[in-house]
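Contents: one structure, followed by commentary.
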Amino acid sequence: LAAVMTASLAPEHVLEIAVMPDGTQLAFASTGSAAARRISPATYPGSKHFEADYDRSREATPWTGSAVMEPSERSTGATIASDGSLSDSPVRSEDGASSTTLPISPLSDAQLRSLSVARCIADIEEADFVALDLEFSGLFLQYERDFRPLDAHFRKCVESVPRFLALQLGVCCARKRFGEGTWELRAHEFNLWPRSRGASVFNADLASLLFLHQHGFDFNEFFQHHYEYARLPLERDDIAADREPANEFVNVERIVAALRLARVPLVVHNGLLDILHLYDKFVNDLPSSPDGFGSCWVSQFPFLFDTRYIAQEGRHALRYEGRLELNELHQHLLGLRSCTRLEHLGPLALDKPTHGSAGKDARVTAEVFLLSLEAMMREPLVAASTLRTHKFCQRLHNRVAVVNTANASCLHLGNPPEILLVPPLLSAAAVLPKV
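Count along the sequence shown starting at 1, add 250, and that's the number in my numbering.
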């Protein structure tokens with residue numbers, strides 16, 4: 251098919267055949283080097299090969315995102331015009347050259363879900379940091395606000411988290427545009443269903459469900475369009491395990507595998523329950539002690555920032571005396587003078603409700619993070635490496651806010667490995683043998 255159809259395209263156009271894990275072939279035309287843009291049948295959706303701008307220089311051109319079909323773009327046929335674009339009807343160019351029509355089968359719901367996960371993975375691979383948020387079916391089995399010591403509060407969390415369901419995962423991938431003060435934000439959202447029958451039996455707190463309903467959480471969408479998930483394999487002996495193509499549709503746990511492999515900074519807001527749920531649902535059983543959990547978490551995800559902790563430590567610099575609730579803090583920061591420019595590139599719609607959409611909350615968390623750091627450091631974040639190497643940022647590493655505790659304002663998960671705190675060029679020199 252590739253040989254026949256490529257002959258009908260202009261020399262600068264390349265016909266790409268994308269092979270889904272189930273064997274389905276998707277064909278589309280593009281410009282660029284065939285050597286740089288060829289899609290291997292062994293490449294699962296989510297690889298950078300699925301990006302429209304894969305062969306571009308990362309620093310020199312904009313982040314244009316993944317070349318995958320949206321759910322609204324289902325079609326039974328598509329036309330490759332002389333400029334390499336796809337359309338639903340035959341097109342004839344000005345010079346009279348005819349276009350070529352390819353039969354494209356309608357994508358199933360499972361394929362569309364797989365491609366949505368693939369797009370998120372591709373964005374994670376290019377991100378400078380990733381903001382996360384989860385929505386739950388409940389918070390705690392017991393709601394007494396007795397200001398327990400940190401160890402007792404952590405045990406209360408560990409007893410509660412496995413009993414409740416994580417309903418929705420929000421992921422916002424942030425990337426600094428080279429040479430500019432603009433940060434590009436791509437937000438994704440996934441309704442979560444456990445694949446295991448045993449894990450699908452869970453507790454629900456009516457107060458939490460009512461809160462979600464009042465803030466616009468779409469329970470009909472949750473039941474109709476969900477993504478099954480399971481824990482990742484326990485074995486982590488080699489990195490190749492995370493790169494190995496799946497033999498089935500790309501499920502949502504591959505997003506967590508991509509985060510683990512990318513080792514980019516993660517950002518949460520008041521995120522202790524978020525990271526406990528993420529670990530419990532996708533990685534392993536929760537350790538019983540704060541130190542045990544911190545060690546396990548940092549071994550998987552070495553960098554974490556909590557915007558609530560940043561705000562509570564920087565109230566003076568932020569000129570903020572209000573509640574540390576995400577939306578209120580966000581509105582205050584938007585009113586401050588800022589040189590940071592934010593560009594929203596989808597795919598999540600901008601009109602999603604705060605607190606009723608994990609994707610929207612993840613995007614707001616990313617904005618709060620950038621604006622808070624600018625206000626506290628008195629300059630915009632000009633390089634992603636600053637998050638790892640700047641002494642101010644290092645004081646914020648892996649400190650998660652805790653509330654209603656008697657003896658602590660945060661849980662320190664532990665320090666990242668030293669090799670990851672060194673600037674990239676120095677890091678490479680440090681590990682290379684001397685000649």
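For each residue, glycine too, the CB sits at the ideal point set by N, CA and C.
In the DSSP assignment, find the unbroken alpha helix (DSSP H) run with residue i in it and report its ends.
i	result
D373	D359 to E376
E478	Careful: E478 lies outside any alpha helix (DSSP H), inside the beta strand (DSSP E) at Y477 to Y479.
F619	A608 to M627
P228	Because the chain spans 251 through 685 in this model, residue 228 falls outside it and cannot be assessed.
E471	F469 to Q474
I525	L522 to F532
A454	That residue, A454, is in no alpha helix (DSSP H); it is neither H nor E in DSSP.
R569	Careful: R569 lies outside any alpha helix (DSSP H) and carries neither H nor E.
N577	L576 to L584
I505	E503 to A512
What are the boundary residues of the beta strand (DSSP E) that residue i is part of?
i	result
Q418	A416 to K426
D556	L554 to D556
L661	C660 to H662
L516	L516 to V518
Roughly how many whole angstroms lie between the Cα atoms of residue i and residue j?
i	j	result
G609	V650	20 angstroms
G388	T615	21 angstroms
L623	P630	7 angstroms
A302	A480	With a pLDDT of only 34 at A302, under 50, the local geometry of the prediction cannot be trusted, and the value read off the model is given with reservation. Taking the straight line from one Cα to the other gives about 30 angstroms.
Y294	Y529	In this prediction, Y294 has a pLDDT of 34, which is less than 50 and means its spatial position is unreliable; what the coordinates show is noted afterwards. Going from the Cα of Y294 to the Cα of Y529 covers about 24 angstroms.
H662	S358	45 angstroms
F386	L526	12 angstroms
A424	S446	32 angstroms
G606	Q464	8 angstroms
A360	L442	14 angstroms
A656	F619	27 angstroms
E471	Y477	11 angstroms
R405	L536	10 angstroms
L550	L362	The sequence given here places Gln at residue 550; Leu does not occur at that position. For Q550 and L362, the distance between alpha carbons rounds to 29 angstroms.
A612	L382	5 angstroms
S659	R645	14 angstroms
H403	R395	10 angstroms
F397	F452	27 angstroms
H640	L568	19 angstroms
L511	N654	34 angstroms
I669	R638	10 angstroms
S538	L456	27 angstroms
K692	S635	In the structure as shown, the chain begins at 251 and stops at 685. Residue 692 is therefore absent and cannot be evaluated.
Using DSSP's beta-bridge definition, name the partner residues of residue i.
i	result
L592	W433
D383	G420
T655	R398
N441	Q418
R649	H662
P597	A437
To the nearest whole angstrom, what separates the beta carbons of residue i and residue j, a pair I think is in contact under 8 angstroms?
i	j	result
V514	F379	6 angstroms
G375	A508	For clarity, residue 375 is Glu in the given sequence; the question names Gly instead. At roughly 7 angstroms, the Cβ-Cβ gap stays under 8 angstroms, so E375 and A508 are in contact.
L384	Q418	7 angstroms
V502	F555	Not quite, the Cβ-Cβ distance comes to about 23 angstroms (not below 8 angstroms), so this is no contact.
A625	L586	6 angstroms
V533	L482	6 angstroms
Quick check: is any heavy atom of the ligand HEM less than 6 angstroms from the C-beta of residue i?
i	result
L484	Inclusion of the ligand HEM in the displayed structure is not the case, the ligand content being empty and no account of it being possible.
Compare the C-beta of residue i with all C-beta atoms of chain D and state if any pair is closer than 7 angstroms.
i	result
L516	Although the question refers to chain D, the structure presented lacks it and comprises just one protein chain.
Open item on the list: Can you confirm whether the segment 586–604 touches the segment 426–446 when touching is taken to mean that 3 or more C-beta pairs between the two stretches lie within less than 8 angstroms?
Closed with: The segment 426–446 vs the segment 586–604: in contact.
- [ ] Check whether the segment 641–660 touches the segment 559–566, taking contact to mean three or more Cβ pairs, one atom from each stretch, closer than 8 angstroms.
- [x] Inter-segment contact for the segment 641–660 and the segment 559–566 is present: three or more beta-carbon pairs are separated by less than 8 angstroms.
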